[in-house]
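Shown next, in structure tokens, is the structure this report addresses.
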Amino acid sequence: MQTTIFAFCGKGGVGKTSLSAAFIRLLSEQYPQKRILAVDADPAVGLSTALGIEPPMTLDDIRLRIAQSIDKGETADAVALLSEAKFHLLDCITERGNLSFLAIGRPEAAGCYCKVNAYLKQVLEMIAGNYDFVVIDGEAGIEQINRRVMETVDCLVLVSDPSQKGIRVISTIRDVASRLAAAKHCGVIFNRTRDGFDPDGIEGLPPVLAVIGDDPEQAAHDMQGESVFSLSASSPLYGGAKKALDALLREINDEAV
Amino acid sequence: MKLYEDLIAAIRALLPDTPDKACGFDPALCAEPGDKNAILFRGDMAYELGGSGKQSVNCTLFGAVPDAKDEVALYGKDLCELTQDTAFSHLTIVQLKDEDEETLRYETLKDIAFCQFRLYPKGYHIRISPSAGKEQVRVAKAALQQSPPLSLLNVGCSLIALLKAQPDVAAVKTVFITDPSVDHTALTALARKAKQITEAVQHTFEMNSLDCASCKMKPICDEVDGLRALHFKKEEERKKHDT
Chain A
36 MQTTIFAFCG KGGVGKTSLS AAFIRLLSEQ YPQKRILAVD ADPAVGLSTA LGIEPPMTLD
96 DIRLRIAQSI DKGETADAVA LLSEAKFHLL DCITERGNLS FLAIGRPEAA GCYCKVNAYL
156 KQVLEMIAGN YDFVVIDGEA GIEQINRRVM ETVDCLVLVS DPSQKGIRVI STIRDVASRL
216 AAAKHCGVIF NRTRDGFDPD GIEGLPPVLA VIGDDPEQAA HDMQGESVFS LSASSPLYGG
276 AKKALDALLR EINDEAV
Chain B
601 MKLYEDLIAA IRALLPDTPD KACGFDPALC AEPGDKNAIL FRGDMAYELG GSGKQSVNCT
661 LFGAVPDAKD EVALYGKDLC ELTQDTAFSH LTIVQLKDED EETLRYETLK DIAFCQFRLY
721 PKGYHIRISP SAGKEQVRVA KAALQQSPPL SLLNVGCSLI ALLKAQPDVA AVKTVFITDP
781 SVDHTALTAL ARKAKQITEA VQHTFEMNSL DCASCKMKPI CDEVDGLRAL HFKKEEERKK
841 HDT
């Protein structure tokens, strides 16, 4: 199976999760026969709410369970641990029609997320081949790019608001990603822009896939914790996501030809 | 191996005298191999053996196989006769070529026990929790609709083929139990004990403490004849080797 992996990255609070969710909705609507995996790789755990899916278990739950069994002196053979991890992995994957959902969870240990990020990378390498599309809602900042969690990503979608800080973050992510050859395709979505915003004047950015203005309907959805699946097709977020997705799929198809 | 003999006898006592289905090992009966990372999605699944909170047991024991003959046995319904999630136990008895515990290597037991993690029959998604001694299996609708439908005898032959590729394996009997009237709770307890024995054997090879009073393996060594003697013997050999 040919798998296309999209990953959303950018500064915190720019709408990565809403746009990831919109991509997931669009893919599941446009390709009802294809399998889609949605991955909440952000410890802030927002994608489950945006999709209206509550996972019974997260990757960090598995990691903790295995770490505790080692601490208790139980079996520590690598092969047995892998089998243990695979046993619980199916319980982490929530299936809804052609859509599967997997969450990294919120590690309880303060500070470092490297262990669960390393585990996420292994899990993605293991299971991505079962899906036609994988959409990863990445954590804010650059950590997951740096740690090569996104190494297998095909399309890196950088999300920013019009702020200098947001643009600086996506520039850094883009630089690191290109140094690590982390994605074949890369594009920018500007979200929550005001009238008069013109991305053409910003130098050194990858192609701009969409510019999305304020979206009161989506903001109200967010406030009420409603899923992106009930957002109307006339919403600017939905329209912008569709434009960006179509552009990326066109690029992928052109490359295939 | 004598260490597991009482357990094997206890398991036999829980099963009916004759299986519902059985066959000798035949490579032609092996199930078609699948992809090791393939997920069997719920929508493609007919049912799950050991699913919906039903009991499930996975256990590998080392001991004598009757007549040293490779065999697959099934107690209960076969895959094409089942229609919903059911309790499931899968027990495998492995007879070693060299049954002398004193020349035994823990690595040998481990390599043999881990063979099952490389079993990926197409349309039969196995997941095993070594810590809980559980085995759950998602069975594909497609595997039941094919002609002939996938049978547990096919799966058993595939497992035997993997085990027989190990140089120290003399014979294998693998037993599937889908009969809900068999006491799966008792099997769970016996599987736990088998795991404790294997851990104690591991301890014998890896730890050099001879202070039984402070050892967490004491309860199982008290219960299973030969474990403590094996540990002391191995430690003596280690000391001789060191001097």
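Protein sequences appear in the order of chains A and B.
If you want our numbering, it's the position in the first sequence, counting the first as 1, plus 35.
If you want our numbering, it's the position in the second sequence, counting the first as 1, plus 600.
A virtual CB, placed ideally from N, CA and C, is assigned to each residue, including glycine.
If you're wondering where the values come from, they're calculated on a predicted model, not measured in any experiment.
Exercise. Residue range of the alpha helix (DSSP H) that residue 202 of chain A falls in?
Worked result: 199-214
Exercise. Per the contact definition of three or more C-beta pairs closer than 8 Å, is the segment 613-630 of chain B in contact with the segment 756-766 of chain B?
Worked result: yes
Exercise. Counting contacts by CB-CB distance shorter than 8 Å, is residue 168 of chain A in contact with chain B?
Worked result: no
Exercise. How is the alpha helix (DSSP H) around residue 757 of chain B delimited, first residue to last?
Worked result: 752-764
Exercise. Among residues of its own chain, excluding the 5 on either side of residue 282 of chain A, which ones have a beta-carbon nearer than 6 Å to its beta-carbon?
Worked result: 244
For this session: Please state if the CB of residue 60 of chain A and the CB of residue 263 of chain A are separated by a distance shorter than 8 Å.
Result: yes
Exercise. Between the beta-carbon of residue 242 of chain A and the beta-carbon of residue 222 of chain A, is there less than 8 Å?
Worked result: yes
Exercise. How about residue 676 of chain B and residue 620 of chain B: are their beta carbons less than 8 Å apart?
Worked result: yes
Problem set entry | residue 754 of chain B: contacting residues in chain A (beta-carbon distance under 9 Å) | Within chain A, no residue comes near residue 754 of chain B; the closest Cβ sits about 22 Å away, beyond 9 Å.
Exercise. Helix, strand or coil: which one does DSSP assign to residue 166 of chain A?
Worked result: coil
For this session: Less than 8 Å between the CB atoms is what I'm expecting for residue 608 of chain B and residue 787 of chain B, so what's the real figure, rounded?
Result: 12 Å between Cβ atoms; not a contact.
For this session: Assuming residue 730 of chain B and residue 130 of chain A form a contact by the criterion Cβ under 8 Å, report the distance between their Cβ atoms to the nearest whole angstrom.
Result: Contact flag wrong, Cβ pair sits at about 25 Å.
For this session: Use the C-beta contact count for residue 832 of chain B: other C-beta atoms within 10 angstroms, 16 or more gives buried, fewer gives exposed.
Result: exposed
For this session: Note down, in chain order, every chain B residue with its Cβ under 8 Å from the Cβ of residue 161 of chain A.
Result: 637
Problem set entry | residue 112 of chain A: contacting residues in chain B (beta-carbon distance under 7 Å) | 710
Problem set entry | Neighbourhood of residue 145 of chain A by C-beta, 8 Å cutoff - its chain only, sequence neighbours within 5 removed | Because residue 145 of chain A sits at a pLDDT of 47, beneath the cut-off of 50, its placement in the model cannot be relied upon, and the point is left open.
Problem set entry | Inter-residue CB distance, residue 774 of chain B and residue 657 of chain B (contact presumed, cutoff 8 Å) | 13 Å between Cβ atoms; not a contact.
For this session: Provide the residue(s) that pair with residue 246 of chain A in DSSP beta bridges, ordered along the chain.
Result: A:225
For this session: Name, in chain order, the residues that DSSP records as bridge partners for residue 73 of chain A.
Result: A:136, A:170
Exercise. Residue 792 of chain B: buried (16+ other C-beta within 10 angstroms of its C-beta) or exposed?
Worked result: exposed
Exercise. Using a C-beta to C-beta distance shorter than 9 Å, which residues of chain A count as neighbours of residue 714 of chain B?
Worked result: 112, 114, 115, 118
Exercise. Helix, strand or coil: which one does DSSP assign to residue 601 of chain B?
Worked result: coil
Problem set entry | Coarse secondary structure for residue 776 of chain B, derived from DSSP in three states | strand
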